[in-house]
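See structure below.
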Amino acid sequence: MKKATNQRFSIEIIFIKGYTYITYIKLLRASPLYRLRRAQKDGHNMDTLSVKKTHTVYRDGDRVLKIYCEDYPKGDVFAEAHNQALIEQSGIKAPVVYGVREVDGKWAIEMQYISADNLQALLDAHPEKEDEYLKLFVNLHMGVYAFKLTSLYRLVDKINLAISKTDLLATVKYDLHTRSDDRRKHTRVCHGNFIPENVKVGKDGKCFILDWSRATQGNPQIDIANTYLLLKLDGKEGFAEKYLALMAEKSVYTREDIVRWLPVVAAQRLVGCREEERAFLLGIIGVKDIK
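Everything in the sequence shown is counted per my numbering, starting at 79 for the first residue and increasing by one.
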């Protein structure tokens with residue numbers, strides 16, 4: 079008799095006179111994928127952590143499934159998993175990636191669940207601690223771009239590709255391409271979506287950073303300008319100004335170093351932006367709406 083055991087199954091096999099009998103297959107630990115399908119079949123739902131336009135995140139114990147919509151590009155899902163794996167290996171605190179799965183025709187990333195408070199939720203619940211949380215937020219962002227990672231996609235290439243896809247006039251595009259042409263080769267890690275919502279703060283003070291889908295290597299000034307813009311787009315005017323001031327105070331970059339990149343990051347966000355954001359972004363770029 080032989081007994082084979084792995085993480086998920088225990089199989090007992092009996093050999094009798096040249097015949098093989100499998101006496102039982104016992105499920106030891108069902109994967110999140112199995113549990114999700116079982117829950118759907120039974121008419122129950124797994125814990126839903128967040129619902130976005132492009133994806134939904136489900137929790138199953140110490141793991142989560144980030145399931146994308148059916149028309150979401152397969153290559154982008156694998157690229158995000160690859161980014162996060164690189165970030166995880168670099169030493170930056172990010173959830174561990176376990177793999178990419180297909181769930182009922184949709185692609186999903188299976189990763190570690192981080193049991194901690196969301197920084198944005200903490201800001202909402204404790205407005206009196208805003209300055210304390212702001213310092214934490216700035217320190218974390220500075221900690222990200224302290225790392226160099228040459229295996230990530232180049233930020234300047236991503237920006238130029240986005241600018242080329244906009245409906246801006248050719249002369250405006252040319253000016254933006256020229257602005258983004260930084261002669262220095264920057265290899266610092268840039269998050270691309272560094273906002274309080276993507277920071278988890280544990281009871282022990284340990285922090286983790288989520289959502290590495292837009293991670294690149296590049297100039298940190300651009301990433302800081304992007305965070306400043308995202309905060310303003312989300313209506314957090316006061317927090318955005320405090321963030322920029324503290325970043326200029328604590329980092330090696332001045333306010334002028336950072337804000338000069340705003341037209342470039344605004345142009346990058348034009349593609350696929352919400353209609354109510356368009357006028358604001360065009361104002362930063364310095365052009366009127368041509369629609």
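Even for Gly, the Cβ is constructed at its ideal location relative to N, Cα and C.
Relative to the C-alpha of residue i, which residue among the options is closest?
i	options	result
valine 267	Thr294, Asn217, Gly350, Gly280	Thr294
aspartate 195	Ala224, Lys281, Thr134	Lys281
glycine 361	Val349, Ala345, Gly350	Ala345
valine 178	Gly153, Lys310, Ser168, Arg137	Gly153
asparagine 217	Gly183, His133, Phe272	Phe272
lysine 226	Thr249, Trp185, Ser168, Asp245	Ser168
valine 330	Ala357, Ile302, Glu319	Ile302
threonine 228	His204, Leu164, Glu334, Cys351	Leu164
arginine 124	Asp149, Arg141, Thr244, Lys310	Here the sequence assigns methionine to residue 124, which means arginine is not the residue at that position. Considering only alpha carbons, the answer is Arg141.
proline 173	Tyr150, Tyr191, Leu348, Gly270	Tyr191
leucine 311	Ser291, Asp289, Ala357	Ala357
valine 222	Glu166, Val129, Asp209, Leu247	Glu166
glutamate 210	Ala248, Glu188, His133, Phe317	Phe317
leucine 359	Thr134, Thr244, Gly183	Thr244
histidine 160	Ala248, Glu206, Lys130, Tyr231	Tyr231
leucine 212	Lys328, Val250, Ala248, Ala224	Lys328
serine 291	Lys320, Val155, Glu354	Val155
glutamate 354	Leu324, Gly313, Val250	Gly313
glutamate 208	Glu319, Arg352, Val337	Glu319
Going by beta carbon distance, what residues of the same chain come within less than 8 Å of residue i, once the five residues before and after it are set aside?
i	result
proline 341	Leu254, Arg257, Ile362, Ile363, Gly364
lysine 284	Lys171, Ala194
arginine 262	Asn297
tyrosine 150	Thr132, His133, Lys184, Trp185
glutamate 148	Gly183, Lys184
serine 128	Thr134, Val135
Use the C-beta contact count for residue i: other C-beta atoms within 10 angstroms, 16 or more gives buried, fewer gives exposed.
i	result
threonine 305	buried
tyrosine 99	Because the pLDDT of tyrosine 99 is 44, which lies under 50, any placement of that residue in the model is unreliable, and the number read from its coordinates should be weighed accordingly. With fewer than 16 Cβ atoms within 10 Å of its Cβ, tyrosine 99 is classed as exposed.
glutamate 158	buried
aspartate 120	Legend: pLDDT at aspartate 120 = 48, less than 50; position of this residue unreliable, value from coordinates given subsequently. Aspartate 120 should be labelled exposed.
serine 242	exposed
aspartate 138	buried
glutamate 387	Given a span of 79 to 369 for the chain in the structure shown, any question on residue 387 remains unanswerable.
isoleucine 103	Because the pLDDT of isoleucine 103 is 39, which lies under 50, any placement of that residue in the model is unreliable, and the number read from its coordinates should be weighed accordingly. Per the 10 Å Cβ criterion, exposed.
leucine 246	buried
glutamate 188	buried
glycine 270	buried
aspartate 259	exposed
arginine 347	buried
Go to residue i, then tell me how far its beta strand (DSSP E) extends in each direction, as first and last residue.
i	result
threonine 134	133–138
lysine 184	184–190
arginine 179	175–181
glycine 296	294–296
aspartate 125	125–129
lysine 278	277–279
valine 267	266–268
In chain order, what residues of the same chain have a beta carbon less than 7 Å from the beta carbon of residue i, not counting five sequence neighbours either side?
i	result
arginine 333	Leu322, Ala326
tryptophan 339	Gln299, Ile300, Ala303
proline 274	Leu197, Gln198, Leu201, Phe215
glutamine 126	Sequence inspection shows threonine at residue 126; the glutamine mentioned does not correspond to that position. Same-chain partners within the cutoff: Thr134, Tyr136.
valine 343	Ile300, Ala303, Asn304, Leu307
valine 175	Ala159, Gln162, Ala163, Glu166, Ile187, Met189
Which same chain residues, not among the five before or five after residue i, have their C-beta less than 6 Å away from its C-beta?
i	result
valine 279	Ala194, Asp195, Leu197, Cys285
histidine 50	Here the chain comprises residues numbered 79 to 369, so residue 50 is not present and cannot be evaluated.
glycine 350	none
histidine 219	Phe272
histidine 204	none
asparagine 84	Any reading at asparagine 84 must be qualified, since the residue scores a pLDDT of 46, below 50, and its modelled position is unreliable; the value itself is stated next. Cβ within range, chain order: n/a, list empty.
aspartate 335	Gln299
leucine 308	Ile273
arginine 288	The sequence given here places leucine at residue 288; arginine does not occur at that position. Excluding residues within five positions, the ones whose Cβ falls inside 6 Å are Asn276.
alanine 224	none
Taking the alpha helix (DSSP H) that residue i belongs to, which residues open and close that run?
i	result
arginine 257	248–258
serine 242	233–243
leucine 218	208–222
tyrosine 380	Residue 380 lies beyond the residue range present for the chain, which begins at 79 and ends at 369; the question has no answer from this structure.
arginine 333	333–337
isoleucine 287	Looking at the DSSP string, isoleucine 287 is not in any alpha helix (DSSP H); the run it does join, the beta strand (DSSP E), is 285–287.
valine 320	Residue 320 is actually lysine in this sequence, not valine. 315–328 is the span of the alpha helix (DSSP H), which, as asked, contains lysine 320.
valine 349	Valine 349 -> no alpha helix (DSSP H), and no H or E assigned at all.
lysine 152	152–168
alanine 203	197–203
Any heavy atom of the ligand MN closer than 7 Å to the beta-carbon of residue i?
i	result
lysine 171	Only the bare structure without any ligand can be found here, which leaves the ligand MN out of the picture.
When the Cβ atoms of the stretch 223–240 are set against those of the stretch 252–262, are three or more pairs found closer than 8 Å?
yes
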